[in-house]
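Reading through the C-alpha cells given below for one structure.
Protein chains: 2
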Amino acid sequence: MKNPSDRIKALRAALATAGVEGFLIPRSDEHLGEYVPASGERLAWLTGFTGSAGLAIVLKDRAAIFTDGRYTTQVRAETDGALYEHRHLTEEPPEAWLREHAAGLKLGYDPWLHSETFLKRLTGLKLVPLSSNPIDAIWADRPAPPAAAVLPHGLELSGESAEAKREAAAASLRKSGEQACLLADAHSVAWLLNLRGADLSHTPMPLAFALLRDDASVRVFLHAPERVPEATRAHLGNRVSIEPRSALPRALAELADVSVRLDTELTPAWFATTLRQAGARVVAGEDPCRLPRATKNATEQQGARNAHHRDAVAMANFLAWFAAEAPKGGLTEVSAAEQLLYFRRRVPGFVAESFPAISGAGENGAIVHYRATAATDRPIRADECYLIDSGGQYPDGTTDITRTLWTGPGLAPAALRARYTAVLRGHIALATLHFPAGVAGPHLDAIARRPLWDAGLDYDHGTGHGVGSFLSVHEGPVAFSRAAKVVPIQPGMILSNEPGYYLPGHYGIRIENLLLARQAAAQPDQAKPFLEFETLTLAPYCRALLEPALMTQAERDWVNAYQARVLLEVGPQLEALVLDWMVRESARL
Amino acid sequence: MKNPSDRIKALRAALATAGVEGFLIPRSDEHLGEYVPASGERLAWLTGFTGSAGLAIVLKDRAAIFTDGRYTTQVRAETDGALYEHRHLTEEPPEAWLREHAAGLKLGYDPWLHSETFLKRLTGLKLVPLSSNPIDAIWADRPAPPAAAVLPHGLELSGESAEAKREAAAASLRKSGEQACLLADAHSVAWLLNLRGADLSHTPMPLAFALLRDDASVRVFLHAPERVPEATRAHLGNRVSIEPRSALPRALAELADVSVRLDTELTPAWFATTLRQAGARVVAGEDPCRLPRATKNATEQQGARNAHHRDAVAMANFLAWFAAEAPKGGLTEVSAAEQLLYFRRRVPGFVAESFPAISGAGENGAIVHYRATAATDRPIRADECYLIDSGGQYPDGTTDITRTLWTGPGLAPAALRARYTAVLRGHIALATLHFPAGVAGPHLDAIARRPLWDAGLDYDHGTGHGVGSFLSVHEGPVAFSRAAKVVPIQPGMILSNEPGYYLPGHYGIRIENLLLARQAAAQPDQAKPFLEFETLTLAPYCRALLEPALMTQAERDWVNAYQARVLLEVGPQLEALVLDWMVRESARL
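Listed in order, the protein sequences are those of chains A and B.
Heads up: the first sequence begins at 1 in this note's numbering, then just goes up one per residue.
Heads up: the second sequence begins at 590 in this note's numbering, then just goes up one per residue.
Have a look at this one:
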C-alpha cells in the first residue's frame, strides 16, 4: 500500500468498520506541537503532504486537505487533487466545508489529536470520538514511538533551577485556586523540569506529559520511562516521578474533586473528557509555563548571544562558499543545504538543525516553507535568486536565520532589487523599533510590511515568531502577527523578524534575524518604560540585491553599523578568504 | 443640596433605604451611548465629573471614580479627592477595586445603565438590580427627558431608503435564524429608519429603542411619541410603529418562544433579563446596523466631502482670525471657541457642534478632553501653544478637526517644534498608508505613533475613531486603537487620524483630520485588493510649529501637496484677508 489512493481506500474501509462516515486527520500528534515524530506523521503518510500545519478530512465519497498560505503551492505539488480538494485553512475553514458536505454524518475523530478549542468550532456536527486511531490500524510499517535518552539541562544553561520553576508554577495554581495543572505541551514539561532529549529531529526534548500539583510535585508520563537515566532522576529529585504513558488514565482517575487547570487550546480533548469522567473539576486556564518560558532570563539571553556568535561562523563560511561557487553553476538546492549543515556541524556544541533547512532556488523560493528533497532537487542556476532559511540547536540557544542571495555573475534585475530592498526596509523598521511597554505583536506586524504595502505588495505569513532556548524554534505565545494573541512584549523575549515577498513561479525573498527584546534607555520627558530590540543574528545582507538609492540615509546607516558590528564580532573567527568575502560584502552603502 | 458632599450623603441614605450597601453610577444612560441628555447626567450631578466616560462606585464608607487616560487631569480638577478615590478605568479596573473593598456587600445597580458584558466582569460580587435609580429619587431639579421633534433624513442625504435597510437587516436575522432583534443603540435606530432629531446637544437623533422583526417590520419606543409629526410617520410607512417607552415591558412580554438577537455590549442588561423572564430566546449577536452604518455609501461619502468643504471655510476664517488676534493678547479659551462657533454658524446647513469644542491654551492643552467653562476659562497668552478640537453637524456629514497653534509673536521653542513635527509625521504616516484588505484598526495604530515612540514619547488615547454621517462623531465599530475590535477597514469607512503629544503642566499637541477609506488603484504584481485614505478635512497645519528639517522630503512633499489642495479647493470661498493668511501659512516647505 504505497500510494495515497490505496491508503485513502484502506482508510475508508477502516472507517466503515468503525461505524463512522468520515474522519479528521490533523498534522498534530498527542502533544499538539508543530513538529511530530515519524510515528505521528499520520497526515503525511495518508496524503503525501509534508508541511507543518494542515488537516485532512476524509468522507465516504469526497475528501479535502486544508493548509495555510505558506503551503498553497506545496500542497498542490505533494497531494493528488483528484483525491483531495485543496482548501485554505483560515479563509475556507474546515467547519464551513464540513457543514456543507458532512451535515448529519457520523464524523470520527481521535480525541488525542484535537484540542477542545478546535472541536468547539465544529458544534452542530455529529462528532464521534474513536478509542483508537484507524490510521494506526492500516499503517503497517508505522515507526516505533521515539525513546531517546532524557537528559538534564544544567543550571549554567537554564539559569533557573527546576525546583524554583516548579515552585513558581505551583504558586500560580494556588493563587488562582487550582490544585493541579495538566501539561500536554512537551515544551512546557521540558522547560519546567530543565529536561532535554531527542524525541524529535529538530526540537531537543522528550515527548512527555506532566501533572503538576499545587505542592510543586510533578508526575511525568512518557513512553519507555526506562530511558530516563539515573543521573536525570537525581537531577529531578524526589518530588518528580517518572511513569509510563500507560499510567495516565489511572493517574487522572485519582483526581476526583480536584480542580485541574488545563489550557484548552494546547491540550488534547481526551484529557478534559477523562478528567470530567473521573469527577475532577476542569478549569480552563493558561499553561503556567508559557509566559515565563518565553521570557528568557539573563543566563538564557547570554546563551542566545553566544550561540548566535558561533552559528554566525557557519553562516559566514556558507555565504562565502556560496558566493564563490554559485556563479560557476553545479550547485543544487540539496547540495547547498548539505554544505551549510557541514559548516554547522563544525560549530562547537551543534546538536541539530532547529528545523529542516529551506533551500529554494528561483521559483522554489516562492514556496514559503519549501523543502528540497531528492525528488524535487533543482539546480541553482547562474543569475537567479536563492533563499536559504535555516537554524541550529545549541545547548545555550536556538538560531534561525534567512538570507536571500543572488547567484550572479550578472547583475540582478532592478525590479528584484527594488523588492529585496523593500523587504529589507521593513526588516530594518522592525529591528529599530522603540515602543512602550504594553504593546503586543499583532500591533507591530504592520511596521515591517509598510515598505511593501506602499508598492501594493504583501506576504501571506506572520512577520515573526517566538523562539525557544534550546527548545522549539517556533515558540508561543508572542508573535509579530495579526493572528497572534495580544500578549505584551516583555524584556527577554526572543522573536524572529522575517518579512518577505514571493512572486509565484519566479522567486522568493525573505530576510530574517532574531531579535531580543530589552528595556530601552530613558529619553527626556519619557513617561513610561520603553522597549527596543537587540539583534542577535550576525550575517551581512546581500549586496547584489540591495539598492541603496531606495533607502533613507538612516536605513543605510543602520545597515552599515550592523554589518560593521558583524565584521567586528565574527570577523576574528573567520579564515582569511571568508573574512575577505565578508569585508567586500559589507562595503559601506 | 448643591455640593458633591451633600449629594453623596443623600445617596448613601437612599441606598440604606433601598437595602443595599453600595451603588454603581456609570456615565451612560439607557442607550449606553457616549453622549447623554441633561436628564441622564447622573454621574456629573453626583460627582462633578463632566467627562464622557467614567464610573463611580459609592460604598457606605468609601467611594471611587474611574476614568481613562483622557481624563486623569480633569477628574482631579472636577472631583473632590476626599470624597472619591481617583482610579484608572482600564489599568485599575473597577472589578478589582470592588473585589478588594466590596466583597460580600450587597451592591445595587440600575439594570438600565449597564450592559450584560460589563456586569459579567463583576462575577463573584453580590449584585442587586434596583427597580428604580436612587439618584433619580434625590435629584430634585432633574431636567425632563428630551422630546425634540423627530424628522426624516431624506434619501438625498442617506443614499439608501429605510425600507431597503430594514429589509437587509431582516435578511441578516433570517440568515442567522433569529426572529427579532432588539436595538438599544439609538444611533442604529436613527440609521435604520433614516430618522434624525435633537434629543442630544451634539448628536442629531432621537433617543429611541427599536424591535426589528425578521419580516422587516419595526416597533419604535421613545419618550413622548406625540413629538413624531405626521410627515415623519408617512416617511416611516405602515411597517413601522411609534410607541411610548412605557410600552416596552409589554412588548417584550409578547415575545415568548421568539429568538431575539441583541448585542450584549450595547444593550442594557434589563432587556435580556426581561426577555428571558418572558420566555424569549436571547441570542447574543452583533447589532446588524453597526457595520453597514460605518460603511458609508456613495451619497454619504459625497455628503461628507461637501460638508467638509463648507466646514473648511469656517476653520479658515477662525485660523486667520486667531493668527491676527492671538499675538495681541486678550483672547480666552472660551472666547476663541465662541468665535469658531460664530464662524460655523455662518456655514450653510450648520446644525450644531458635533461635540463641545476643546479649546485649551498652554497647560490646559495637555488635558486631553479639556472643556473650557466660565469657571476654568484662561487667557490665551502670547508665545504659547493653543489646541482647538471641534466639529460640526451638517445634514450631509459630520466633521471633526483638531489644530494646534502657536500664538506668537515670538518663535516657538525648538523642543516644541520637534514634538509638533513628530506628531505631524505620525499623522502623515497614517494618512498616506496603503494597506491590503483585511487589516483592522488595532493593527495600524502603531503606524501613527512611531515618530513619537522613536523619541520615547507616546499619547494615552487611540489614534482615531469612526465618524457617523450626520450622527455621532464617535462611531463604532472601527477605530485606530489597540483596544478596538479586529474589524477590517472597508472602503466607505470614515475615521479620524489624530495622534498627539501632551506634556502635563505645559502644553498639548494634537493634529486631526478625517479620512475616508477607499479602494486603491492596482499596482504591478498586486495579488489582492488594497485600500488607501482620502483626506476629507481641509485646513493648513501650523507653520510656526513645523520644523521642515526634521521631515523627509516625501513628508514635506505631502504637506505641500495637501496644503496646495486646500488652497485650491477652499481658497475661492474665502475673503481676501483670509485667503492672504492661508497663502502665507501654506508656503512651500
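Quick reminder that beta carbons are idealized off the backbone N, C-alpha and C, glycines included.
Near residue i, what residues of its chain come up, given a Cβ to Cβ distance below 7 Å and the 5 sequence neighbours on each side ignored?
i: Phe350(A); result: Arg344, Gly392, Tyr394
i: Trp1042(B); result: none
i: Thr792(B); result: Tyr624, Leu1060, Ser1061
i: Val1028(B); result: Pro1077, Ile1078
For residue i and residue j, what's the separation of their Cα atoms in angstroms?
i: Ala903(B); j: Pro795(B); result: 27 Å
i: Ser594(B); j: Leu1092(B); result: 32 Å
i: Leu252(A); j: Leu55(A); result: 29 Å
i: Thr639(B); j: Leu672(B); result: 16 Å
i: Gly468(A); j: Arg565(A); result: 24 Å
i: Val679(B); j: Pro488(A); result: Residue identity differs from the one stated: residue 679(B) is Thr in this sequence, not Val. About 15 Å.
i: Ser641(B); j: Trp686(B); result: 21 Å
i: Thr398(A); j: Val20(A); result: 44 Å
i: Trp321(A); j: Ile494(A); result: 29 Å
i: Arg7(A); j: Leu43(A); result: 11 Å
i: Lys528(A); j: Pro540(A); result: 34 Å
i: Leu155(A); j: Ala298(A); result: 12 Å
i: Gly426(A); j: Ala455(A); result: 12 Å
i: Leu1005(B); j: His1095(B); result: 10 Å
i: Glu673(A); j: Leu340(A); result: Not covered by the structure: residue 673(A). The range shown for chain A is 1 to 589.
i: Leu424(A); j: Leu546(A); result: 8 Å
i: Ala446(A); j: Pro877(B); result: 29 Å
i: Gln605(A); j: Leu516(A); result: This structure cannot speak to residue 605(A), because chain A is shown only from 1 to 589.
i: Ala323(A); j: Thr407(A); result: 7 Å
i: Ala135(A); j: Ala103(A); result: Per the sequence presented here, residue 135(A) reads as Ile, with Ala not at that position. Rounded to the nearest angstrom, the two C-alpha atoms are 23 Å apart.
i: Val334(A); j: Asp377(A); result: 6 Å
i: Glu1087(B); j: Arg121(A); result: 39 Å
i: Val150(A); j: Glu226(A); result: 10 Å
What does the Cβ neighbour count give for residue i, buried or exposed, with the cut at 16 atoms within 10 Å?
i: Lys885(B); result: buried
i: Lys165(A); result: buried
i: Leu1103(B); result: buried
i: Leu568(A); result: exposed
i: Leu46(A); result: buried
i: Leu577(A); result: exposed
i: Glu843(B); result: exposed
i: Glu585(A); result: buried
For a contact meaning CB atoms closer than 8 Å, what does residue i contact in chain B?
i: His465(A); result: Those within 8 Å of His465(A) in chain B number zero; the least Cβ separation is about 17 Å.
i: Asp458(A); result: Pro1025, Ala1116, Lys1117
Run through chain B and tell me which residues come within less than 7 Å of residue i, C-beta to C-beta.
i: Pro442(A); result: Pro1031, His1032
i: Leu515(A); result: Those do not exist, as Leu515(A) stays about 16 Å from chain B at its closest Cβ, beyond 7 Å.
Can you list, in chain order, the residues of its chain whose CB lies under 8 Å from that of residue i, leaving out five sequence neighbours each side?
i: Val936(B); result: Arg899, Asp900, Val902, Ala903, Gly981, Tyr983
i: His223(A); result: Pro145, Pro146, Ala147, Leu207, Pro244, Arg245
With a CB to CB cut of under 6 Å and the five nearest residues on each side skipped, what residues in its chain are close to residue i?
i: Asp1049(B); result: Gly658
i: Arg882(B); result: Trp780
i: Glu167(A); result: Ala216
i: Arg518(A); result: Pro491, Glu534
i: Val778(B); result: Leu772, Ala797, Ala799
i: Trp270(A); result: Pro111, Trp112
Along chain A, in chain order, which residues have C-beta atoms closer than 9 Å to that of residue i?
i: Arg1071(B); result: Gly438, Val439, Ala440, Pro442, His443, Val486
Which bits of chain A does residue i rub up against, with CB to CB less than 8 Å?
i: Ala1035(B); result: Phe435, Val439, His443, Leu444, Ala446, Ile447
i: Asp1043(B); result: His434
Anything in the region 71-85 of chain A with a Cβ closer than 9 Å to a Cβ of chain B? List those residues in chain order, please. Residues of the region 71-85 of chain A whose Cβ lies closer than 9 Å to any Cβ of chain B: none.
Short of 9 Å Cβ to Cβ, which residues in the region 1107-1125 of chain B face chain A? Going along the region 1107-1125 of chain B in chain order, one finds Ala1109, Ala1110, Ala1111, Gln1112, Pro1113, Asp1114, Gln1115, Ala1116, Lys1117, Phe1119 with a Cβ nearer than 9 Å to chain A.
With 9 Å as the limit, tell me which residues of the region 409-435 of chain A have their beta carbon closer than that to any beta carbon of chain B; keep them in chain order. Listed in chain order, the positions of the region 409-435 of chain A with a beta carbon within less than 9 Å of a beta carbon of chain B are Ala415, Arg419, Ala429, Thr432, Leu433, His434, Phe435.
Compile a chain-ordered list of the residues in the region 1139-1161 of chain B whose CB is closer than 9 Å to at least one CB of chain A. Under the 9 Å Cβ criterion, the region 1139-1161 of chain B contributes Thr1141.
Could you list the residues in the region 487-509 of chain A with a C-beta less than 8 Å from some C-beta on chain B, going in chain order? Result list: Leu503.
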